[in-house]
Amino acid sequence: MRNGLVAVAIDRDKGCQYAIRWAVDNILSKGQTVILIHVHQNSASAPISSPHKQELQKLNKDLFLTFHCYCTRKDIHCLDVILEDMDVARAITEYVSYAGIELLVLGASHRHGFIRLKHVNIPSSVSKGAPDFCTVYVISKGKVSSVRNASRPSPHASPLLDQIQNLNEQTAGMMPEVETDISFISSGRSSTDQPSSSLYDRMDSFHPARLSASPDRSSIHSLQKYIDFSSSYELSPISQESARTSCSYSSQNLDDVEIEMRRLKLELKQTMEMYSTACREALVAKQKAMELQHWRFEEEQKLDEVQHAKENALSIAKIERAKYKAALEEAEAAQRIAELEAQRRLNAEMKALREAEEIKKVLDELQHSDARYRRYTIEEIEAATNFFAKSHKVGEGGYGPVFKCYLDHTPVAVKVLRPDAVHGRSQFQQEVEVLSRIRHPNMVLLLGACPEYGCLVYEYMANGSLEERLFKRGKSPVLSWQLRFRIAAEIATGLLFIHQTKPEPLVHRDLKPGNILLDYNYVSKISDVGLARLVPPSVAESVTQYRMTSTAGTFCYIDPEYQQTGMLGVKSDVYSFGIVLLQLITAKSPMGITHHVSKSIEKGNFSEMLDPDVPDWPVEEALSLAQIALQCAEMRRKDRPDLGKVVLPELNKLRDFADENLQHCSILGGSALPSPHHSHISTSQVSQSLSTII
-12 MRNGLVAVAI DRDKGCQYAI RWAVDNILSK GQTVILIHVH QNSASAPISS PHKQELQKLN
48 KDLFLTFHCY CTRKDIHCLD VILEDMDVAR AITEYVSYAG IELLVLGASH RHGFIRLKHV
108 NIPSSVSKGA PDFCTVYVIS KGKVSSVRNA SRPSPHASPL LDQIQNLNEQ TAGMMPEVET
168 DISFISSGRS STDQPSSSLY DRMDSFHPAR LSASPDRSSI HSLQKYIDFS SSYELSPISQ
228 ESARTSCSYS SQNLDDVEIE MRRLKLELKQ TMEMYSTACR EALVAKQKAM ELQHWRFEEE
288 QKLDEVQHAK ENALSIAKIE RAKYKAALEE AEAAQRIAEL EAQRRLNAEM KALREAEEIK
348 KVLDELQHSD ARYRRYTIEE IEAATNFFAK SHKVGEGGYG PVFKCYLDHT PVAVKVLRPD
408 AVHGRSQFQQ EVEVLSRIRH PNMVLLLGAC PEYGCLVYEY MANGSLEERL FKRGKSPVLS
468 WQLRFRIAAE IATGLLFIHQ TKPEPLVHRD LKPGNILLDY NYVSKISDVG LARLVPPSVA
528 ESVTQYRMTS TAGTFCYIDP EYQQTGMLGV KSDVYSFGIV LLQLITAKSP MGITHHVSKS
588 IEKGNFSEML DPDVPDWPVE EALSLAQIAL QCAEMRRKDR PDLGKVVLPE LNKLRDFADE
648 NLQHCSILGG SALPSPHHSH ISTSQVSQSL STII
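First residue of the sequence shown: -12, per the numbering used here; consecutive thereafter.
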């Protein structure tokens, strides 16, 4: 609890409410009295009329009522003071000086910034003009905005202090509600004809407020006592004579007293100087202590921040170490997988080389023999197939059943002609001679035949047909988009090869995913070349009818013009090839596939048509392949592009793109698929291969 007077400047601004609350919470204690100062700005030359004064008193009562209610709840007494002056800051500072107020609390203005610019900043002006024994607090939104500390104690006791203490004693035990009678105190300046030359004259211009509490009214009528120093006492002649006589007898004593007085004055002066120095040093020490306390608080905050940052750094380092350890383990695992894949790839390449050498050996034997193919006896084939046992049967085609066996230590596929084809032996022999001359990397190789029983011996394709891979039959793995692009180019190369045979082109007429086989290294090869020409017409018709009824997809690959006119040409195979390409990228049924793909391109949702089992389709390149396929699948034969001049060059570009991407993936992490040594076969190379047949 503070012994000095506490005052709060109030007006109708919201900042004053924050000021009184802060003062009650932080400075005042229960039972203490606070002085509420309000300055009414009124011209000194214009007197206040009685009705206007009554209205002004009512407004002021309403103003003070809010603060009274709040202070009453907090058990704080109030003394209301209203000053009249045009300069608010000047009125407050002069009253503080007069009343000896040691603590003054002001609220910062909450008016709009533009309005504040037009008015004087009263808290700032009061802080600068208040006497140095008064501590000034400026409160903004419940917090101290600025503080100006007192530099010395009050030089005189407040004239209000005794009256306030007496008033508190008189009002003790009464009702908490206080009725305040507000009177106006003018702090206007004296006129020029009545100058005020002394401090007491300036202080006399204030008239104190009157605080009354029911049932007894105690009025403070005067806060200023006047001391008259002008009075003098005259001595009588007799007294003067006596004094002179007395001085003559005791002059020596007077000199001694004078010396003692001088000594005492000097000691008093030194004591006062020491006291002043001690006060200044105490004030400086207090300020340094406050600065040290503030510095200590800042250092503690910095230490806490450093400690917190250190803990965060340790936590982040721990997380990063865990991430590094996990990444290192993943890298080691990836390295092990890459090594395993590289070893697997090497083994596959070695195996492919061995198989190629074996096939080359067989081909060399065939070339050095009198016939262009190896003649097998029925006994050799029966022994190899265990008399055509069902365990050796791997499929059923339009030509007949297909068996897997080993001949000459080489895995082969044996196709057996149906029994009703026995009437065409001479034609069969002629066609076998033609097929035995076909040598191309993308054509299934005819290794030999048994003309007596209509058996054809082909190289064995370990990964089955393209149809099985596209529709994932037998839990077969999904083909990547890189392999699909290469397969498209390989099929076009093989198809162009048979179209350029001499003396007349060879038309496949039944190109579909089921007749495209994949070897161990996923190299695609066309099978069943010209089988319809190898069987009698009656069988051919029955086979065609059989395919149209039992295999719904076969009908969709037939050239529409060939169906209508019966005219067959190499572009009949181009139509079938277009349908196969669309299936290659969509893995969908051939029924209406051209319509669905063209519509998806028009609507801009072509990516939804792609095979969803392949997650990383290059949409732009896949769209290019789809557009080529749609051109090949045109209804009119003349609208289809040339296979060698238009289609194959575009497909070779897509194959180059796929091979580059596959090599990049192999460098980064290895590939589970073998990478056979595919060679790009151009149209001129196909022609050179054909020249070896004749």
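Using N, Cα and C, we set each Cβ at its ideal position, and we do this for glycine too.
Nothing here was measured: the structure is a model prediction, and the numbers come from that model.
- prompt: Would you call the segment 478 to 493 and the segment 549 to 563 touching, i.e. three or more CB-CB distances under 8 Å?
  reply: yes
field: 8 Å Cβ shell around Ala76 - same chain, five flanking residues per side excluded
entry: Val107, Ile109, Ser112, Val113, Gly116
query: Looking at Trp468 and Val711, is the spacing between their C-beta atoms short of 8 Å?
result: Since the displayed the chain opens at -12 and closes at 681, residue 711 lies outside it and no answer follows.
message: Among the candidates Arg308, Glu455, Leu93, whose CA atom is the shortest distance from the CA of Cys3?
response: Leu93
task: Pull up the distance between the alpha-carbon of Ile572 and that of Tyr393, whole angstroms please.
output: 35 Å
query: Would you report the Cα separation of Arg361 and Asp546, rounded to the nearest angstrom?
result: 35 Å
query: Quick one: what's got a C-beta closer than 6 Å to Lys499's C-beta in the same chain, skipping five residues either side?
result: Tyr544
query: Which residues bound the beta strand (DSSP E) around Cys694?
result: Shown here, the chain extends from -12 to 681; a query on residue 694 therefore has no answer.
query: My guess is that Tyr363 and Gly435 are in contact by the Cβ rule of under 8 Å, so how many angstroms apart are they, rounded?
result: 5 Å
task: Specify the secondary structure class of Leu518 as computed by DSSP and reduced to three states.
output: In this prediction, Leu518 has a pLDDT of 44, which is less than 50 and means its spatial position is unreliable; nothing more can be read from the coordinates.
query: Where does the unbroken beta strand (DSSP E) through Lys586 begin, and where does it stop?
result: Premise fails: Lys586 lies in the alpha helix (DSSP H), 580 to 590, not in any beta strand (DSSP E).
task: With a cut-off of 8 Å on the beta carbons, I'd call Arg624 and Gly565 a contact; round off their distance for me.
output: Rounded, the Cβ-Cβ distance is 12 Å, inconsistent with contact.
query: How would you write the range of the alpha helix (DSSP H) that Pro682 sits in, first residue to last?
result: Absent from the model: residue 682. The displayed extent of the chain is -12 to 681, so no value can be given.
- request: Return the CA-CA distance between Ala479 and Ala321, expressed in angstroms with no decimal places.
  value: 37 Å
Exposure label - His495; buried when at least 16 CB within 10 Å: buried
field: Inter-residue Cα distance where the pair is Gly501 and Glu589
entry: 30 Å
- request: Just mark Phe593 as buried or exposed, buried being the case when its beta carbon has 16 or more other beta carbons within 10 Å.
  value: buried
field: Nonlocal neighbours in the same chain, by C-beta distance under 7 Å from Ile79, ignoring five residues either side
entry: Ala(-4), Ile24, Val26, Val113
- prompt: Between Lys640 and His651, what straight-line distance do the alpha-carbon atoms span, to the nearest angstrom?
  reply: 17 Å
- prompt: At what residues does the beta strand (DSSP E) containing Asp67 begin and finish?
  reply: 64 to 71
message: Assuming Lys61 and Val11 are in contact, meaning their beta carbons sit under 8 Å apart, how far apart are those beta carbons, in whole angstroms?
response: 5 Å
query: Looking at Thr80 and the ligand PLP, is the gap between the Cβ and the nearest heavy atom below 7 Å?
result: This structure lacks the ligand PLP, and indeed carries no ligand of any kind.
message: Considering only DSSP beta bridges, list what Cys392 is partnered with.
response: Val399
field: Lys558: first and last residue of the uninterrupted alpha helix (DSSP H) it sits in
entry: 557 to 573
task: Rounded to whole angstroms, what's the CA-CA distance from Arg8 to Ala304? Just pull it up for me.
output: 49 Å
- prompt: With a Cβ-Cβ cutoff of 8 Å, do Gly(-9) and Glu89 count as a contact?
  reply: yes
- prompt: Leaving out the 5 sequence neighbours to the left and right, which residues in its chain are closer than 8 Å to Ser611 when beta-carbon positions are compared?
  reply: Glu637, Leu641
Range covered by the beta strand (DSSP E) that runs through Ala135: Here residue 135 turns out to be Arg, not Ala, going by the sequence shown. Where Arg135 is concerned, the enclosing beta strand (DSSP E) stretches over 130 to 135.
task: Report, in whole angstroms, the separation of the C-beta atoms of Ala613 and Arg473, which I expect to be a contact under 8 Å.
output: About 17 Å separates the two Cβ atoms, so there is no contact after all.
Among Arg323, Arg139, Asp49, Phe390, the one whose alpha carbon lies nearest that of Cys266: Arg139
DSSP-derived helix/strand/coil call for Leu434: strand
Backbone secondary structure at Thr364 - three-state DSSP: coil
- prompt: Quick one: what's Gly94 bridged to in DSSP?
  reply: Ile126
- request: Could you check what DSSP says for Leu641 in three-state terms: helix, strand or coil?
  value: helix
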